[in-house]
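Undergrad: Sharing a structure here in structure tokens format.
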Amino acid sequence: MFMYFIYAIVIGYLLGSIPFALVIGKVFYHTDVREFGSGNLGGSNAGRVLGKKAAIATITLDVLKVVAAVAISAQFDAAASIWAGLAAAIGHCYPLFAGFRGGKAVATMFGFLLSTAIFTFQSAWYVVIPFLFFLAVLKLSKMVSLSSMVAAVSSTVYILIMQHDPAITAASLLLTLLVIYRHRANIARIRSHTENKITWM
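Per our numbering, the very first residue in the sequence shown carries number 69; after that it's consecutive.
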């Protein structure tokens with residue numbers, strides 16, 4: 069049982085460490101996105117530096133790498149699979165293949181929610197409820213950062229209510245803390261009323 073968790077964490081971290089924003093930038097645009105914008109290896113910065121198509125491709129692949137990690141790990145242990153999702157998010161933030169300088173875990177968080185809903189919990193509500201919170205807060209605040217943090221918190225609260233496995237709830241809580249920690253600069257800007265807001269909603 070313990071070895072399943074180790075396998076899941078290793079699989080998740082390695083897949084999460086694939087820096088798709090960096091790969092897409094260098095292969096198709098001959099640009100290192102870490103040198104521009106916020107410097108993050110996430111979909112938002114890829115879009116800011118490279119454009120809409122690069123953003124969509126990066127976000128899609130960042131979601132799918134978490135789905136792949138959870139799907140593989142779920143084949144041998146459902147509880148371990150959620151730790152694969154957490155490890156993938158950590159790998160995305162601190163990628164082995166990109167000098168431990170990655171993204172903010174927003175796309176990977178939704179990859180985590182989607183994949184665990186399918187493979188771990190086998191219930192769509194585990195991704196639907198956080199996504200609804202995300203949309204509601206985004207509609208009211210126009211801030212992706214705040215919406216992402218609220219979605220992460222709502223996911224953990226829902227899992228705490230619905231699940232009674234300490235390993236599963238611990239993994240969810242750690243992911244939420246990771247998302248909040250990676251957005252600490254955004255939190256400071258929210259407090260000072262200088263955070264960027266979307267204009268398309």
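Where a beta carbon is used, it is the ideal one built from N, C-alpha and C, also for glycine.
#1: May I have the straight-line CA-CA distance separating Ala-235 from Ala-147, to the nearest angstrom?
#2: Please list the segments of the alpha helix (DSSP H) lying wholly inside the segment 175-205, counting only runs of 4 or more residues, in order along the chain.
#3: Please classify Asn-264 as buried or exposed, where buried requires at least 16 other C-beta atoms within 10 Å of its C-beta.
#4: Can you name, in chain order, every residue of its own chain whose Cβ lies under 7 Å from the Cβ of Val-205, other than the five neighbours on each side?
#5: Compute the beta-carbon to beta-carbon distance between Thr-188 and Val-138, rounded to the nearest angstrom, for a pair I have assumed lies under 8 Å.
#6: Evaluate contact between the segment 104-117 and the segment 158-174, counting only Cβ atoms and requiring at least three cross-stretch pairs below 8 Å.
#7: Could you check whether Ala-152 and Gly-93 sit closer than 9 Å to each other, using their CB atoms as the reference points?
#8: Select from Leu-118, Met-211 and Trp-193 the residue whose C-alpha is nearest the C-alpha of Arg-259.
#9: For Leu-164, which option in Phe-88, Ile-74, Leu-242 and Ile-255 has the closest C-alpha, if you only look at C-alpha atoms?
#10: Check Glu-271 in the structure and name its three-state DSSP category.
#11: Which one of Phe-144, Gly-167, His-261 and Tyr-72 has the shortest CA to CA distance from Leu-90?
#12: Is Asp-145 near the ligand NAD, in the sense that its beta carbon is under 8 Å from a heavy atom of that ligand?
#13: Cutting at 6 Å between CB atoms, please list the residues of its own chain near Phe-202, excluding the five before and the five after it.
#14: Let me know if Thr-267 comes out buried or exposed under the rule of 16 or more other beta-carbons within 10 Å of its beta-carbon.
#15: Can you check which of these residues, Leu-181, Lys-207 and Leu-208, is closest to Val-195 by C-alpha distance?
#16: Could you say which of Leu-208, Ala-114 and Val-221 lies nearest to Leu-241 if we only look at CA atoms?
TA: Inspection of the coordinates gives the following:
#1: Position 167 of the sequence shown, counted from the first residue, corresponds to residue 235. Position 79 of the sequence shown, counted from the first residue, corresponds to residue 147. Their Cα atoms are separated by approximately 7 Å.
#2: Runs found: none.
#3: Here residue 264 corresponds to residue number 196 of the sequence shown, with the count starting at 1. Exposed: under 16 other Cβ atoms inside 10 Å.
#4: Position 137 of the sequence shown, counted from the first residue, corresponds to residue 205. A distance below 7 Å between beta-carbons, with the five flanking residues on each side excluded, links Val-205 to the following residues of its chain, in chain order: Leu-214, Ser-215 and Val-218.
#5: One-based indexing of the sequence shown puts residue 188 at position 120. One-based indexing of the sequence shown puts residue 138 at position 70. Correct: roughly 7 Å between the Cβ atoms.
#6: Taking a cut-off of 8 Å for Cβ pairs, the segment 104-117 and the segment 158-174 touch, as three or more such pairs fall below it.
#7: As a working mapping, residue 93 is identified with position 25 in the sequence shown. As a working mapping, residue 152 is identified with position 84 in the sequence shown. Contact flag unset, no.
#8: Taking the first residue of the sequence shown as position 1, residue 259 is located at position 191. Nearest neighbour of Arg-259 by Cα position, chosen from Leu-118, Met-211 and Trp-193, turns out to be Met-211.
#9: Within the sequence shown, residue 164 is the residue found at index 96, counting from 1. If we check each option's Cα against that of Leu-164, Phe-88 comes out closest.
#10: The chain is shown from 69 up to 269; residue 271 falls before or after that span and cannot be answered.
#11: In the sequence shown, residue 90 corresponds to position 22, counting from 1. Ranking Phe-144, Gly-167, His-261 and Tyr-72 by Cα distance to Leu-90 puts Gly-167 first.
#12: Judged by which ligands are present, the structure shown has none, so any question about the ligand NAD falls away.
#13: The residue you call residue 202 lines up with position 134 of the sequence shown. Taken in chain order, the residues that qualify are Ser-215 and Ala-219.
#14: By one-based count along the sequence shown, residue 267 stands at place 199. Exposed.
#15: Numbered from its first residue, the sequence shown carries residue 195 at position 127. The shortest Cα separation from Val-195 among Leu-181, Lys-207 and Leu-208 belongs to Leu-181.
#16: Taking the sequence shown and counting its residues from 1, the one referred to as residue 241 is at position 173. Of the listed residues, the one whose Cα sits closest to Leu-241 is Val-221.
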